[in-house]
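Enquirer: Throughout, our numbering is defined as the position within the sequence shown, counted from one, plus 66. In this text, a Cβ means the ideal position worked out from N, Cα and C, and glycines have one as well. Since we're looking at a predicted model, the values are computed, not measured.
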Amino acid sequence: MSAETGSYRLITRPDFDGVVCGALFMEQDMIDAVMFAHPRDMQHDKVDVSREDITTNLPYVPGVHLCFDHHVSESERVGPMENHIIDPKAPSAARVVYDHYGGKATFPLVDPALIDAVDKADAAQFTEEEILAPDGYTLLNFILDGRTGLSRLRDFAISEEQLMIDMMTYCRHHPVEEILQIPDVAERVRTYILNEEFAELQIKRCADVTDNVVKIDLRGEDTLYTVNRFLVYALYPECDVSVHLTNLADRGLVEIAVGKSILD
């Protein structure tokens with residue numbers, strides 16, 4: 067299917083999948099603005115939408131021009147809708163966009179390796195080695211993942227949102243080796259690498275293993291070092307469930323986050 071003409075606003079998540087979705091729409095001159103939103107914002111009607119909006123990887127809301135998604139739960143919740151382009155078998159929303167508009171025939175200048183990389187990242191199909199020593203698109207994904215937490219430790223030259231928008235341009239025609247050397251990316255890579263060892267030591271210091279569950283109690287830590295969210299499973303491969311306890315700053319509350327290993 068050929069891409070449409072006209073300019074729309076893209077509403078997507080601020081992550082690697084959202085970046086590649088934006089890159090594909092930019093490649094076809096379909097969008098002239100980008101907004102980042104959380105799924106809860108869409109579900110609770112906190113985002114005003116119109117027929118001039120395209121959403122990706124977000125819950126379907128009535129009134130948008132098109133909604134691209136790949137979550138089976140959305141397919142079941144929404145049912146058949148003409149403007150709901152969904153493929154529950156696709157690993158990423160970017161793959162849905164790419165295939166819907168004709169794949170490589172429509173996007174000849176977009177490296178298929180980029181689409182494969184976002185599929186891998188969105189499906190969290192990483193090996194233990196890639197978690198412990200990420201490079202290439204795996205490293206870029208971790209840098210763009212807000213859950214890595216890089217912004218907790220320092221202020222960067224540009225905001226996370228601006229970086230995402232810039233990446234929509236860079237990812238289209240530049241190999242990942244060049245992307246990682248772009249100053250705004252490189253400074254985040256340096257911060258990530260500088261914190262890796264500290265984060266690993268912190269996890270080991272705060273970990274307590276019971277059967278197949280590893281509990282990471284960070285409530286007594288002044289600094290939370292940043293690293294990809296899967297490191298705990300590479301450090302404790304015998305555990306397939308993690309529980310993180312973290313103080314919520316200035317609120318007197320404790321956040322309890324439960325996760326499941328991607329390595330089992």
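DSSP three-state label for Ile197, please.
Expert: DSSP places Ile197 in helix when its eight states are reduced to three.
Enquirer: Start and end of the alpha helix (DSSP H) containing Leu314?
Expert: Careful: Leu314 lies outside any alpha helix (DSSP H), inside the beta strand (DSSP E) at 307–314.
Enquirer: Express the C-alpha separation of Leu216 and Thr257 in angstroms, rounding to a whole number.
Expert: In a straight line, the C-alpha of Thr257 is about 7 Å away from that of Leu216.
Enquirer: Apart from the five residues just before and just after Ser73, which ones in its own chain have a Cβ nearer than 6 Å to its Cβ?
Expert: Closer than 6 Å at Cβ, skipping near neighbours: Asp98.
Enquirer: Between Ala334 and the rest of its own chain, which residues show a CB-CB distance below 6 Å, the 5 nearest in sequence each way excluded?
Expert: Residue 334 cannot be examined here, being either before or after the span of the chain that is shown, 67 to 330.
Enquirer: How far does the alpha helix (DSSP H) with Glu304 in it extend, from its first residue to its last?
Expert: It is not in any alpha helix (DSSP H) - Glu304 carries neither H nor E in the DSSP assignment.
Enquirer: Indicate the three-state DSSP secondary structure (helix, strand or coil) for Glu76 in the structure shown.
Expert: In the sequence as displayed, the identity of residue 76 is Leu instead of Glu. Three-state result, Leu76: strand.
Enquirer: Could you say which of Met230, Glu226, Glu287, Asp211 lies nearest to Phe296 if we only look at CA atoms?
Expert: Checked all of Met230, Glu226, Glu287, Asp211; the closest Cα to Phe296 is Asp211.
Enquirer: Return the CA-CA distance between Val86 and Gly202, expressed in angstroms with no decimal places.
Expert: Approximately 15 Å between the Cα atoms of the pair.
Enquirer: Quick test of your reading: Glu194 and Leu329, contact by CB under 8 Å. State the CB separation rounded to the nearest angstrom.
Expert: That pair is a contact at about 6 Å.
Enquirer: On the CB-based measure, 16 or more other CB atoms within 10 Å of its CB, does Phe82 come out buried or exposed?
Expert: The residue in question, Phe82, is buried, as its Cβ has 16 or more Cβ neighbours within 10 Å.
Enquirer: With a 10 Å radius around its C-beta and 16 neighbouring C-beta atoms as the bar for buried, classify Leu180 as buried or exposed.
Expert: Leu180 is buried by the Cβ-count criterion.
Enquirer: Using the C-alpha atoms, what's the distance from Leu132 back to Met92?
Expert: Each residue's Cα considered, the two are about 15 Å apart.
Enquirer: Is it the case that the Cβ atoms of Thr122 and Ala159 are separated by a distance below 8 Å?
Expert: Yes. Within cutoff.
Enquirer: For Ser68, name the three-state secondary structure that DSSP assigns.
Expert: Reliability of the predicted coordinates at Ser68 is poor, the pLDDT of 46 falling under 50, and the value obtained from them is presented with this limitation in mind. Coil.
Enquirer: Compute the Euclidean distance between the alpha carbons of Met101 and Leu76, then round it to the nearest angstrom.
Expert: Taking the straight line from one Cα to the other gives about 6 Å.
Enquirer: Name the DSSP bridge partner or partners of Val85?
Expert: Val85 pairs with nothing; no bridge assigned.
Enquirer: Spell out a yes or no on whether the region 321–328 and the region 218–228 are touching, meaning 3 or more CB-CB pairs, one atom from each, closer than 8 Å.
Expert: No, they do not touch.
Enquirer: How big is the Cα-Cα spacing for Thr276 and Thr312?
Expert: Rounded to the nearest angstrom, the two C-alpha atoms are 19 Å apart.
Enquirer: May I have the straight-line CA-CA distance separating Arg213 from Ala315, to the nearest angstrom?
Expert: Approximately 16 Å, taken between the alpha carbons.
Enquirer: Roughly how many angstroms separate the alpha carbons of Phe264 and Val309, rounded to a whole number?
Expert: Distance between the alpha carbons of Phe264 and Val309 is about 20 Å.
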